[in-house]
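Peer 1: Residue numbers (our numbering): 1 to 353.
For glycine and all other residues, C-beta sits at the position ideal for the given N, C-alpha and C.
The structure displayed is predicted, hence computed values, not measured ones.
Would you mind keeping the following structure in view while I ask a few things?
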């Protein structure tokens with residue numbers, strides 16, 4: 001800019017220079033100065049804590065796409081946000097995905113503690129978003145040493161779809177500025193907790209992951225893998241129809257937990273327990289029908305119920321050993337054997353006196 005002013009001063013001292021030429025030079029200088037400085041409106045904070053941030057940012061700041069793609073705010077309840085966050089899974093990947101279709105047994109993008117923390121601020125942000133704004137979220141989990149794992153991304157509404165893009169998924173970043181040297185590359189400097197906290201929409205470092213929605217029937221876009229973009233990190237959820245089909249957050253969370261536990265079980269033991277539980281349910285229904293047709297005195301004493309902890313749906317399968325699984329199977333087999341003996345035994349004859 002100073003160089004341009006010196007040039008204008010030099011030209012003005014020359015002879016025969018018109019005022020129109022000087023005005024043109026000055027106008028170009030002003031335009032050049034304005035182009036060099038691009039000021040975005042400040043974001044609006046919705047919730048901030050040492051490890052969590054939810055705020056509204058202008059789409060033009062976080063993306064090169066037209067603001068018109070980010071259409072409007074939505075009024076969801078906290079329970080509805082809970083259902084949506086519970087229904088999203090994520091996992092690391094290597095190379096191209098063979099399928100973009102997820103299943104309820106995949107690990108969740110957010111655990112229960114994360115969802116309880118994020119659902120209210122996200123609900124508030126979606127309700128307050130102006131046209132052209134997106135919801136930016138950031139969540140860090142601190143461990144031992146100078147690193148934390150961060151998950152961040154953006155949310156926005158487009159017509160009847162809620163679009164979620166995850167930019168960082170449990171990615172390790174440096175928490176101490178002293179760990180960043182003066183000769184580190186820009187990529188290394190970006191992998192710090194302060195940078196990601198302030199630029200949650202930027203993917204830092206080398207990451208390879210994908211996110212999925214439990215019910216692809218309620219997804220809007222067909223995703224395709226590419227070399228230069230990351231469609232596997234975005235899902236577009238047709239939320240009205242999905243929330244109508246899944247109104248209960250407690251039920252949705254239980255279904256998700258059971259599916260994850262089932263997926264974590266060894267295949268043979270899992271199939272055995274499913275089959276035994278099916279057989280047990282059939283025998284109990286048959287026993288109930290038989291009991292109605294006989295005197296109450298003929299019904300044998302009920303076998304002691306299996307402890308609730310023995311049910312694979314109520315057990316943290318990550319901590320269940322193979323011996324424990326076999327014990328569950330033995331309990332089920334014992335109960336089935338008792339019911340089968342009862343059904344095959346002959347009832348006593350009625351007295352003719």
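Does residue 334 pass the burial test, meaning 16 or more other C-beta atoms within 10 Å, or should it be called exposed?
Peer 2: As a position in the chain shown, residue 334 is number 334, starting the count at 1. With fewer than 16 other Cβ atoms within 10 Å, it is exposed.
Peer 1: Quick one: residues in its chain with C-beta nearer than 6 Å to the C-beta of residue 163, no 5 flanking neighbours on either side, listed in chain order?
Peer 2: As a working mapping, residue 163 is identified with position 163 in the chain shown. The answer, listed in chain order, is 156, 236.
Peer 1: I'd like the span of the alpha helix (DSSP H) that includes residue 156, first residue to last.
Peer 2: Numbered from 1 along the chain shown, position 156 holds the residue referred to as residue 156. Here residue 156 belongs to no alpha helix (DSSP H); instead the beta strand (DSSP E) covers 147 to 158.
Peer 1: Run through the DSSP bridge pairs and tell me what residue 168 is partnered with.
Peer 2: Mapped onto the chain shown, residue 168 falls at position 168. For residue 168, which the question treats as bridged, DSSP gives the partners 152.
Peer 1: Give me the residue from 124, 109, 76, 93 with the minimum Cα distance to residue 257.
Peer 2: Position 257 of the chain shown, counted from the first residue, corresponds to residue 257. Of all alpha-carbon atoms in 124, 109, 76, 93, the one lying nearest the alpha-carbon of residue 257 is that of 109.
Peer 1: With H, G and I counted as helix, E and B as strand and the rest as coil, what does DSSP make of residue 175?
Peer 2: On the chain shown, residue 175 is found 175 positions in, with the first residue counted as 1. DSSP places residue 175 in coil when its eight states are reduced to three.
Peer 1: Quick check on this structure: which residue in 234, 205, 207 has the alpha carbon closest to the alpha carbon of residue 219?
Peer 2: One-based indexing of the chain shown puts residue 219 at position 219. Among 234, 205, 207, the Cα nearest to that of residue 219 belongs to 234.
Peer 1: Would you report the Cα separation of residue 239 and residue 171, rounded to the nearest angstrom?
Peer 2: Taking the chain shown and counting its residues from 1, the one referred to as residue 239 is at position 239. Taking the chain shown and counting its residues from 1, the one referred to as residue 171 is at position 171. Spanning the two alpha carbons is a distance of roughly 28 Å.
Peer 1: So, is residue 354 buried or exposed, given that buried needs 16 or more other C-beta atoms within 10 angstroms?
Peer 2: The structure shown has nothing for residue 354, since the chain only spans 1 to 353.
Peer 1: Does the separation of the CB atoms of residue 127 and residue 75 fall below 9 Å?
Peer 2: Residue 127 sits at position 127 when you count from the first residue of the chain shown. Residue 75 sits at position 75 when you count from the first residue of the chain shown. Contact: yes.
Peer 1: With DSSP run on the structure shown, which of helix, strand or coil describes residue 239?
Peer 2: Here residue 239 is taken as the residue at index 239 of the chain shown, counted from 1. DSSP places residue 239 within a helical segment (H, G or I) once states are collapsed to three.
Peer 1: When burial is assigned at 16 or more other CB atoms within 10 Å of the CB, is residue 211 buried or exposed?
Peer 2: Residue 211 sits at position 211 when you count from the first residue of the chain shown. Looking at its Cβ environment, which holds 16 or more other Cβ atoms inside 10 Å, residue 211 is buried.
Peer 1: Would you check if there are 3 or more beta carbon pairs closer than 8 Å linking the region 44 to 58 to the region 130 to 137?
Peer 2: With a cut-off of 8 Å, the region 130 to 137 and the region 44 to 58 count as touching, because enough Cβ pairs lie within range.
Peer 1: Starting from residue 61, trace the alpha helix (DSSP H) both ways and give me its first and last residue.
Peer 2: Here the question's residue 61 lines up with position 61 in the chain shown. Segment 59 to 62, the alpha helix (DSSP H) holding residue 61.
Peer 1: Considering only the beta carbon of each residue, do residue 89 and residue 248 sit closer than 9 Å?
Peer 2: One-based indexing of the chain shown puts residue 89 at position 89. One-based indexing of the chain shown puts residue 248 at position 248. For residue 89 and residue 248, no; Cβs fall outside 9 Å.
Peer 1: Taking DSSP's pairing of strands, which residues face residue 128 in a bridge?
Peer 2: Here residue 128 refers to the residue found at position 128 when the chain shown is read from its first residue. Answer is none; residue 128 lacks a bridge partner.
Peer 1: Use the C-beta contact count for residue 41: other C-beta atoms within 10 angstroms, 16 or more gives buried, fewer gives exposed.
Peer 2: Residue mapping note: residue 41 aligns to position 41 of the chain shown, counting from 1. By the neighbour-count rule (16 or more Cβ atoms within 10 Å), residue 41 is not buried but exposed.
Peer 1: With respect to the beta strand (DSSP E) encompassing residue 135, which residues constitute its N-terminal and C-terminal limits?
Peer 2: On the chain shown, residue 135 is found 135 positions in, with the first residue counted as 1. Looking at the DSSP string, the run of the beta strand (DSSP E) that includes residue 135 is 133 to 142.
Peer 1: So is residue 119 buried or exposed if we call it buried at 16+ other beta carbons inside 10 Å?
Peer 2: As a working note, residue 119 is residue 119 in the chain shown. With 16 or more Cβ atoms within 10 Å of its Cβ, residue 119 is classed as buried.
Peer 1: So the alpha helix (DSSP H) residue 197 belongs to, where does it begin and stop?
Peer 2: By one-based count along the chain shown, residue 197 stands at place 197. Per DSSP, residue 197 belongs to the alpha helix (DSSP H) from 193 to 198.
Peer 1: Okay, do the region 73 to 87 and the region 188 to 204 touch, 3+ Cβ pairs below 8 Å being the bar?
Peer 2: no
Peer 1: Hey, out of 149, 284, 278, whose CA is closest to residue 167's CA?
Peer 2: Mapped onto the chain shown, residue 167 falls at position 167. Among 149, 284, 278, the Cα nearest to that of residue 167 is on 149.
Peer 1: Can you look up residue 253 in the DSSP assignment and give me helix, strand or coil?
Peer 2: Sequence index remark: in the chain shown, residue 253 carries index 253 (1-based). In this structure, residue 253 counts as helix in the three-state DSSP scheme.
Peer 1: Please name the residue or residues paired with residue 110 in a DSSP beta bridge.
Peer 2: Start at 1 with the first residue of the chain shown, and residue 110 comes out as number 110. Answer is none; residue 110 lacks a bridge partner.
Peer 1: Relative to the C-alpha of residue 245, which residue among 330, 277, 80 is closest?
Peer 2: Locating residue 245 in the chain shown gives position 245, where the first residue counts as 1. For the residues 330, 277, 80, the minimum Cα distance to residue 245 belongs to 80.
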